[in-house]
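Scroll down for the structure; my scribbles are underneath it.
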Amino acid sequence: MALSSKDLLGIKGMAADEIRLILDTAATFKDVSERDIKKVPTLRGKTVINLFYEASTRTRTSFELAGKRLSADVINISTSTSSVVKGETLLDTARNIEAMKCDIIIVRHSCSGAPEYLSTRLKSSVINAGDGFHEHPTQALLDAFTIREKLGRLEGLTVVIVGDIAHSRVARSNIYGLTTMGAKVRVCGPPTMIPPGIERMGAQVNYNMDEAVEGADVIMMLRLQLERQAAGLFPGVREYARLYGLNQARVARATRHVMVMHPGPMNRGVEISSEVADNTPVILDQVTNGVAVRMAVMFLLSGGSKAEA
Amino acid sequence: MNILIKNGHIIDPANKVDERLDVLVSDGKISRLGKPGSLPANGSQVIDAEGKFIVPGLIDMHVHLREPGYEYKETIATGTAAAKAGGFTSVCCMPNTNPVNDNSSVTEFILAQARSASAQVFPIGAVTKGSRGEELADMGELYAAGCVAISDDGKPVMNASMMRRAMEYSRIFDMLIISHCEDSALSFKGVMNDGIVSTELGLRGIPRAAEDVMTARDISLAELTGGRLHIAHVSTAGSVRMIRDAKSRDVKITAETCPHYFALTEEAVRGYNTLAKMNPPLRTVDDVAAVKQGLKDGTIDVIATDHAPHAMDEKSGEFDYAPFGIVGLETALGLTLKLVQEGVFSLTEAIRKLSVNPALILKLGKGTLSAGADADMTMIDPNVDWTVDASQFKSKSQNTPFDGWNLRGKAVWTIVGGKI
Numbered sequence: 001m002a003l004s005s006k007d008l009l010g011i012k013g014m015a016a017d018e019i020r021l022i023l024d025t026a027a028t029f030k031d032v033s034e035r036d037i038k039k040v041p042t043l044r045g046k047t048v049i050n051l052f053y054e055a056s057t058r059t060r061t062s063f064e065l066a067g068k069r070l071s072a073d074v075i076n077i078s079t080s081t082s083s084v085v086k087g088e089t090l091l092d093t094a095r096n097i098e099a100m101k102c103d104i105i106i107v108r109h110s111c112s113g114a115p116e117y118l119s120t121r122l123k124s125s126v127i128n129a130g131d132g133f134h135e136h137p138t139q140a141l142l143d144a145f146t147i148r149e150k151l152g153r154l155e156g157l158t159v160v161i162v163g164d165i166a167h168s169r170v171a172r173s174n175i176y177g178l179t180t181m182g183a184k185v186r187v188c189g190p191p192t193m194i195p196p197g198i199e200r201m202g203a204q205v206n207y208n209m210d211e212a213v214e215g216a217d218v219i220m221m222l223r224l225q226l227e228r229q230a231a232g233l234f235p236g237v238r239e240y241a242r243l244y245g246l247n248q249a250r251v252a253r254a255t256r257h258v259m260v261m262h263p264g265p266m267n268r269g270v271e272i273s274s275e276v277a278d279n280t281p282v283i284l285d286q287v288t289n290g291v292a293v294r295m296a297v298m299f300l301l302s303g304g305s306k307a308e309a
Numbered sequence: 310m311n312i313l314i315k316n317g318h319i320i321d322p323a324n325k326v327d328e329r330l331d332v333l334v335s336d337g338k339i340s341r342l343g344k345p346g347s348l349p350a351n352g353s354q355v356i357d358a359e360g361k362f363i364v365p366g367l368i369d370m371h372v373h374l375r376e377p378g379y380e381y382k383e384t385i386a387t388g389t390a391a392a393k394a395g396g397f398t399s400v401c402c403m404p405n406t407n408p409v410n411d412n413s414s415v416t417e418f419i420l421a422q423a424r425s426a427s428a429q430v431f432p433i434g435a436v437t438k439g440s441r442g443e444e445l446a447d448m449g450e451l452y453a454a455g456c457v458a459i460s461d462d463g464k465p466v467m468n469a470s471m472m473r474r475a476m477e478y479s480r481i482f483d484m485l486i487i488s489h490c491e492d493s494a495l496s497f498k499g500v501m502n503d504g505i506v507s508t509e510l511g512l513r514g515i516p517r518a519a520e521d522v523m524t525a526r527d528i529s530l531a532e533l534t535g536g537r538l539h540i541a542h543v544s545t546a547g548s549v550r551m552i553r554d555a556k557s558r559d560v561k562i563t564a565e566t567c568p569h570y571f572a573l574t575e576e577a578v579r580g581y582n583t584l585a586k587m588n589p590p591l592r593t594v595d596d597v598a599a600v601k602q603g604l605k606d607g608t609i610d611v612i613a614t615d616h617a618p619h620a621m622d623e624k625s626g627e628f629d630y631a632p633f634g635i636v637g638l639e640t641a642l643g644l645t646l647k648l649v650q651e652g653v654f655s656l657t658e659a660i661r662k663l664s665v666n667p668a669l670i671l672k673l674g675k676g677t678l679s680a681g682a683d684a685d686m687t688m689i690d691p692n693v694d695w696t697v698d699a700s701q702f703k704s705k706s707q708n709t710p711f712d713g714w715n716l717r718g719k720a721v722w723t724i725v726g727g728k729i
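These protein sequence lines map, in sequence, to chains A and B. Residues in the first sequence are numbered from 1 upward in steps of one, following my numbering. Residues in the second sequence are numbered from 310 upward in steps of one, following my numbering.
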């Protein structure tokens, strides 16, 4: 089996079998990172470009390591200013890169839809490394991988996502991915951070965190963007932490085996107490698994199938 | 030169004419109407209009001709050529040019450029200097120079007190104020309608309330001041409802919508289609139904295009960065005829909204085929099936979401001031 598209733009529309294929492939690649010599020759001779229009350390490094561990040549292009400021269009930039012959372009952009726009105009595979508030598919895949690894399954689990759902691409990709894999998803946050129609994407909405976490198998905390206070989305950090911060008391309301996740970087004492954060080894496992999942995605988009991995 | 148009079906709602008549045009005016075959040709150019409708020239009271300042998008020459191709004999151009049409020198420049244009051009002046919303523009000067209305279109007049004073002051000239109803604090950085589609696409939403609160405010101000208010590009069910209510209380208010607000919904944005990005944004099926009902029951007086040309370089790329707006002059009639075919309203009612009503609202002295009136006429073939092909537009810009649409009925001749 192989992936149906040349690109990975989002989880929306992916079949459960495709997601399972990526997760299974990632499981075989995870070993590579555990070895003394962390490299396989799988993508030798392939060129991978990280084209990042938005600041990122974790995701860019993860993609870079994933490419290098597959023996691909990886180039990073980070531009803090937008293409508009720079005076060259996004498409011109991408076409110039493609003219130097590359196989995979990994795009992060603050505008939703930018990777999709490029994918229809480039021959290279495009991987969405996060676009605006739209999707962050590899984050959702690594989250699904981590949950499956720790809890043994995704089907039938209850996953609660807490925070600024409206401005979160991680939340959207996870809602699509987890519901496709048979999990139940609840979203929780103040109404100012819950976007209209989210129920139609398959998530239940609850504004009360104490209720939302009851019976949860997984609690996924989102990073609070502190600048949203100025737009009136929440009154202040203190009240936010009181209403929507994850502390031990709230963890205790979930199932006994509850798993706490955070895509990072964390605001300790705001959306997650230090006590909970430090008792949550999974958060670093997510980072470790991110490399394996991204190796799997690059491998599969390059035409690999699971048997060869 | 004289023109005899024979065998056409005349629709002249202002004179309640709806029958087969011949029309004689001489010296740029409508000379006579008479039973088929009753008028002498006498060396006139003869046009056979068998099977066609002859209607008062269409008037688009909301276009952006981009000149001066943005001639790469459109010029007065290309914009009026597009108007003529689409059946429009007159257009009213919004003042958001560069410089803004907030003084007589800009108005006079536009009118000078318009002398050789393919359609009549009626400029609309700015409400405030530079459309910055801070000080009133010299309304008397704009009126004297030939502006037929004032508007800060593209931007709202956010300061309610400034809008109040503008409406009061406009009474000196009985000048129409055209309001772009948008609360810019509510629309903020939005790029499409706020709803399930914006949630799925991860795009910032513009709630319907951003339009509705301004419609409500401006209706209140119209009641307070007695100024004549026209609501531009109505896109929401809420605005339709409030305008209907205001009219029932005899508030001096009129309203327009645009073809895209009855032909498309927010679903058209999927795939990050920048050709479906406009302000106000495309709304929901409920809003489309309300807009159609508003057209049907007379709440909405006018169909205007908000013709907003942009170069394709600007319109492609990141959705967030693309400018708002689409061209409309060459598709508006076909899309309006679609409503006639669907039974929303009659052809006569369509002509009221495309010609008679804008002429009355703006006091243009047009929109009729009375003897002695300007010979502005549009000949419509109601049965021709055609496909929108943006590459063939007379407009300098091709930013339309309707490319490839199959429509029935179009303008085959447009006569402006007696000239074909």
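Cβ atoms here follow ideal geometry from the backbone N, Cα and C, with glycine treated the same way.
| Asked | Found |
| --- | --- |
| Residue(s) in a DSSP beta bridge with Leu91 of chain A | Answer is none; Leu91 of chain A lacks a bridge partner. |
| Contained beta strand (DSSP E) runs [length at least 3] in the segment 392-470 of chain B, N- to C-terminal order | 397-402, 429-434, 458-460 |
| Segment limits, beta strand (DSSP E) that includes Thr696 of chain B | 686-696 |
| Residues from the segment 504-522 of chain B in contact with chain A, defined by Cβ distance under 9 Å | Gly504, Ile505, Val506, Ser507, Thr508, Glu509, Leu510, Gly511, Leu512, Arg513, Gly514, Pro516 |
| Closest residue to Gly603 of chain B among B:Ala426, B:Ser548, B:Ala613, B:Glu576 (Cα-Cα distance) | B:Ser548 |
| Under 9 Å (Cβ pairs) to chain C, residues found in the segment 609-641 of chain B | Among the chains of the structure shown, chain C does not appear; the protein chains present are A and B. |
| Top-ranked residue by Cα proximity to Gln422 of chain B, from B:Arg375, B:Arg441, B:Glu450 | B:Arg375 |
| Below-8 Å beta-carbon distance, Tyr478 of chain B vs any chain A residue | no |
| Contact under 8 Å by Cβ, Met732 of chain B with Pro432 of chain B | Absent from the model: residue 732 of chain B. The displayed extent of chain B is 310 to 729, so no value can be given. |
| Cα-Cα separation, Lys311 of chain A to Ala27 of chain A | Absent from the structure is residue 311 of chain A, since the part of chain A shown begins at 1 and ends at 309. |
| Residue range of the unbroken beta strand (DSSP E) whose run includes Val40 of chain A | Segment: none, Val40 of chain A is in no beta strand (DSSP E) and carries neither H nor E. |
| Residue range of the alpha helix (DSSP H) that includes Pro365 of chain B | Looking at the DSSP string, Pro365 of chain B is not in any alpha helix (DSSP H); the run it does join, the beta strand (DSSP E), is 362-365. |
| Whether Ser479 of chain B touches Ile486 of chain B by CB criterion (8 Å) | yes |
| Near-chain A residues of the segment 562-585 of chain B - C-beta to any C-beta below 8 Å | Gly580, Tyr581 |
| Any C-beta of chain B under 8 Å from that of Ser112 of chain A | yes |
| Contact set between Leu222 of chain A and chain B, taken where Cβ atoms lie within less than 9 Å | Within chain B, no residue comes near Leu222 of chain A; the closest Cβ sits about 14 Å away, beyond 9 Å. |
| Boundaries (first-last residue) of the alpha helix (DSSP H) holding Ile19 of chain A | 16-34 |
| Chain B contacts made by the segment 190-208 of chain A, where a contact means CB separation under 8 Å | Pro195, Pro196, Gly197, Ile198, Arg200, Met201 |
| Beta-carbon proximity check, Ser488 of chain B vs Leu538 of chain B, cutoff 8 Å | yes |
| Extent of the continuous beta strand (DSSP E) run through Arg200 of chain A | Careful: Arg200 of chain A lies outside any beta strand (DSSP E) and carries neither H nor E. |
| Contact set between Gly304 of chain A and chain B, taken where Cβ atoms lie within less than 9 Å | Under the 9 Å cutoff, chain B gives no residues; its nearest Cβ is about 29 Å from Gly304 of chain A. |
| Segment contact flag, the segment 589-598 of chain B with the segment 674-685 of chain B, C-beta cutoff 8 Å, min 3 pairs | no |
| Interface partners of Leu91 of chain A on chain B, CB under 9 Å | Ser625, Gly626 |
| Neighbourhood of Ile528 of chain B by C-beta distance below 7 Å, restricted to the same chain and skipping five residues each side | Met551, Ala555, Val560, Ile562 |
| Span of the alpha helix (DSSP H) around Ala641 of chain B | 641-651 |
| Cβ-Cβ separation, Ser664 of chain B to Ile312 of chain B (assumed contact under 8 Å), whole Å | So it is not a contact: roughly 19 Å between Cβ atoms. |
| Every unbroken beta strand (DSSP E) inside the segment 507-564 of chain B [3 residues or more] | 538-540 |
| Alpha helix (DSSP H) segment containing Thr593 of chain B, residue limits | First-last for Thr593 of chain B: undefined, no H or E at that position. |
| Closest Cα partner of Phe633 of chain B within the set B:Lys586, B:Ser625, B:Thr614 | B:Lys586 |
| Thr288 of chain A to Ala613 of chain B span [Cα, whole Å] | 58 Å |
| Rounded C-alpha distance that separates Leu300 of chain A from Lys601 of chain B | 50 Å |
| Contained beta strand (DSSP E) runs [length at least 3] in the segment 181-245 of chain A, N- to C-terminal order | 184-188, 203-206, 218-221 |
| Thr387 of chain B Cβ short of 7 Å to the ligand COA heavy atom set | As far as ligands go, the structure on display features none, and thus does not contain the ligand COA. |
| Partners in chain B for Glu116 of chain A, counting only beta-carbon separations shorter than 9 Å | Gly580, Tyr581 |
| Start-to-end residues for the alpha helix (DSSP H) that takes in Leu142 of chain A | 137-151 |
| Under the three-state DSSP convention, the category Val291 of chain A falls into | helix |
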